[in-house]
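**Student:** Supplied in structure tokens, the structure appears directly below.
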Amino acid sequence: MRQMWVWMLLMAMAFVNDRSHCCVEEERISLLEIKAWFNHAGAPGSYDQLDGWDKEHFNCCNWDYYRVVCDNTTNRVIVLRLSFINYAVEDLYLNASLFLPFKELEILDLSDNQLVGGLKNQGFQVLTSGLRNLKELHLSSNKFNDNILSSLSGFSTLKSLDLSDNKFTESTGFNGFQVLASGLRNLEELYLCSNKLNDNILSSLSEFSTLKSLDLSGNMFTGSTGLNGLRKLETLYLGSTNFMESILIDSLGALPSLKTLYAPFSTFQHVGKGQ
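Taking numbering that gives the first Met the number 0, the leading residue of the sequence shown gets 0, the next gets one more, and so forth.
Structure representation (structure tokens):
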């Protein structure tokens, strides 16, 4: 009988210990709601790639070691990778409130999901007051346009922002990137490749004074103006662009920290005297 009591005590202690190392219940519920949101939208990846997200298992930190990463001490979710889940539905609208419980989140990846914007009153502005530890935001290969830029400016803790392969244009008269720069005072990496940006954005980029890496590849620059003010910039990507040679040379002279210039498939126009 005593052995049975000892065994039961050990089992109880093991159960309590296991539950004490579980993820935060509020976050577990939110992960299930995110899966349900993808399911409701008909996103095919929600069935195969999120199959391990099971309400019967309490510890969501063990559901998926790539997509969900928890802090070893607090058991709170710090990394959430949700890329390439919706690869079939034409358009998907973000329900940002689903991410509010992840108060210690440091990395959020929503790339490759055909996102076009947010549901009414459910855009990124909803998250800026809640995700105060966010350091990386990956939104590449979606369908976002200039309209979301001001809503991203509230993520003041961001170190890295990837907006590659979307529908940004920075059309004349719109200062979205200037507004973005005013809020992202700690940003070190900005990826803008494969959009439809032109020379109108270049003056706004000078406001990102903390940038160390900038990717402008695959846009519609003619190089009529240069890059200035980025005194901390170390790496610059200009692949598949068309900068005027003289303007580019002047720009490089204004980038005292630059170590790497990567410019494959680019055409640098030479402007001679009298032209």
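Glycine included, C-beta positions come from ideal geometry on N, C-alpha and C.
Are the beta-carbon atoms belonging to Ser159 and Glu135 less than 8 Å from one another?
**Tutor:** In contact: Ser159 and Glu135 (Cβ atoms closer than 8 Å).
**Student:** What is the DSSP secondary structure of Ala262, counted as helix, strand or coil?
**Tutor:** coil
**Student:** Using the beta-carbon count (16 or more within 10 Å), is Leu49 buried or exposed?
**Tutor:** Here Leu49 is buried, its C-beta having at least 16 other C-beta atoms within 10 Å.
**Student:** Starting from Arg80, trace the alpha helix (DSSP H) in both directions and tell me its first and last residue.
**Tutor:** Premise fails: Arg80 lies in the beta strand (DSSP E), 76-80, not in any alpha helix (DSSP H).
**Student:** DSSP on Ile106, reduced to helix/strand/coil?
**Tutor:** Of the three classes helix, strand and coil, the one that applies to Ile106 here is strand, per DSSP.
**Student:** Which ranges would you report for the alpha helix (DSSP H) in the stretch 198-229 if only whole runs of at least 4 residues count?
**Tutor:** If we require 4 residues or more, the alpha helix (DSSP H) runs fully inside the stretch 198-229 come out as 201-204.
**Student:** I need the boundaries of the beta strand (DSSP E) containing Ser159, first residue and last residue.
**Tutor:** 159-161
**Student:** Alpha carbon to alpha carbon, how far is Ala35 from Thr209?
**Tutor:** 39 Å
**Student:** Are the Cβ atoms of Asn132 and Glu89 separated by less than 8 Å?
**Tutor:** No, Cβ-Cβ distance for Asn132 and Glu89 is not below 8 Å.
**Student:** Pull up the distance between the alpha-carbon of Ile84 and that of Asp249, whole angstroms please.
**Tutor:** Approximately 44 Å between the Cα atoms of the pair.
**Student:** Could you check what DSSP says for Leu235 in three-state terms: helix, strand or coil?
**Tutor:** Three-state result, Leu235: strand.
**Student:** Name the one or two DSSP bridge partners that Tyr92 has.
**Tutor:** Gly116
**Student:** Where does His137 land, buried or exposed, given buried means 16+ other C-beta within 10 angstroms?
**Tutor:** buried
**Student:** Just the C-alpha distance for Ser256 and Arg230, rounded to the nearest angstrom, thanks.
**Tutor:** 6 Å
**Student:** Is the separation between the beta-carbon of Ser150 and that of Gly122 shorter than 8 Å?
**Tutor:** Taking a C-beta distance under 8 Å as the contact criterion, Ser150 and Gly122 qualify as a contact pair.
**Student:** Might you give, ordered along the chain, the residues of its own chain that have their beta carbon closer than 7 Å to the beta carbon of Gln113, omitting 5 neighbours on each side?
**Tutor:** Asn85, Val88, Glu89, Asp90, Leu91, Asn141, Lys142
**Student:** How many whole angstroms separate the CB atoms of Asp198 and Phe220, which I take to be in contact at a CB cut-off of 8 Å?
**Tutor:** With a Cβ gap of about 6 Å, Asp198 and Phe220 count as contacting.
**Student:** Taking only the alpha-carbon atoms, compute the straight-line gap between Pro43 and Leu260 and give it to the nearest angstrom.
**Tutor:** Computed Cα separation, rounded: 39 Å.
**Student:** I'd like to know whether the C-beta atoms of Glu25 and Pro100 end up nearer to each other than 8 Å.
**Tutor:** yes
**Student:** Below 8 Å on the Cβ atoms is my guess for Tyr236 versus Leu213; work out the distance and round it to an integer in Å.
**Tutor:** 7 Å
**Student:** Let's test the definition: count the other Cβ atoms within 10 Å of the Cβ of Thr127 and tell me whether it reaches 16, buried, or not, exposed.
**Tutor:** buried
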